[in-house]
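Everything below concerns the one structure shown next.
If you want it as structure tokens, here you go:
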């Protein structure tokens, strides 16, 4: 089964597509009925796409809004931009240039690009956007002065190169953590250990260890770090830390064994006492 409505609907790109059910839900519903011949499906998809691209430009400005193939600058969202600036126009409508939807790119803040292991280059041109909520102060704007934030495109970034560990010290950010949003962000000369509670043990032994941050979350309009049981230590000491941790866990288990046995015996005593009381009540009543 394959949805070929776009082949027969003359207004598929402008009206029909907007009146349908959610596209993701519809695709998931038809997933189990997809044709088994992948090559035929790809060929049919390419033919349908070529047919849509051969259609003329919409005749009204309203039809360009959310159009899958074309876009006007007036319809760009707050975090969108056309790149390159010298992008070829597909035509004009009422004197306004029409661009291909492929030229529209998402913009993000420095922090958001850092989550993708990318840093912003030193640039002269920066995009700006007005926000109704002050992200820095974590409070809504009430005085009418909307703050502006700097936004950047993918073409304005480069790969993040983490600083290496020096003299047994793990490099940290200003909050004392290691930003490890991607595996490539691990500082050279270090290793990450996914064992809960190993940070406290390493610090007690005088070993430099830092907690890794893997993402962010929002609670009550406030940015919150997302941690995981992930510890970053220097490479030469990583094996020692793991061995000490295992030995410490073994010792702790031996220390906790008498307490655990005492607790188990207490549970058995309680069970036996309850059964005796139950039998006595049965005989009496």
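Residue numbers (UniProt numbering): 1 to 285.
Glycine included, each C-beta is placed from N, C-alpha and C at the ideal position.
For residue i, I'd like the list of residues in its chain whose CB is within less than 6 Å of its CB, leaving aside the five on either flank, ordered along the chain.
i	result
residue 78	129
residue 150	126
residue 9	16
residue 46	none
Helix, strand or coil for residue i per DSSP?
i	result
residue 208	coil
residue 100	strand
residue 67	coil
residue 8	helix
residue 267	helix
residue 90	strand
residue 2	coil
residue 244	helix
residue 106	strand
residue 184	helix
residue 44	helix
residue 170	coil
residue 165	coil
residue 292	A question about residue 292 goes unanswered here, because the residues of the chain that appear run from 1 up to 285.
residue 14	coil
residue 54	coil
residue 22	coil
residue 117	coil
residue 80	strand
residue 85	coil
Do residue i and residue j have their C-beta atoms closer together than 9 Å?
i	j	result
residue 178	residue 188	no
residue 68	residue 110	no
residue 5	residue 14	no
residue 241	residue 201	yes
residue 96	residue 76	no
residue 114	residue 64	no
residue 193	residue 238	yes
residue 7	residue 61	no
Might you give, ordered along the chain, the residues of its own chain that have their beta carbon closer than 8 Å to the beta carbon of residue i, omitting 5 neighbours on each side?
i	result
residue 107	79, 80, 81, 127, 129, 151, 152, 153
residue 90	57, 70, 98, 99, 100
residue 66	18, 75
Give me the DSSP bridge partner(s) of residue i.
i	result
residue 252	Note: residue 252 sits in no beta bridge, so no partner.
residue 128	150
residue 191	233
residue 179	213
Within its chain, find whatever has a CB closer than 7 Å to the CB of residue i; leave out the 5 residues flanking it on each side and keep chain order.
i	result
residue 1	30, 33
residue 248	201
residue 83	103, 105, 153, 155
**Request:** For the segment 200–209 and the segment 232–245, state whether three or more C-beta atom pairs, one from each stretch, are separated by less than 8 Å.
**Result:** Yes: at least three Cβ pairs fall under 8 Å.
**Asked** Does the segment 50–61 come close enough to the segment 104–121 that 3 or more CB-CB pairs lie under 8 Å?
**Response** No, because fewer than three Cβ pairs between the segment 104–121 and the segment 50–61 fall closer than 8 Å, the two stretches do not touch.
**Message:** Could you check whether the segment 25–42 touches the segment 55–64, counting it as contact only if at least three pairs of C-beta atoms, one from each stretch, sit closer than 8 Å?
**Reply:** Cβ pair count under 8 Å is below three, so no.
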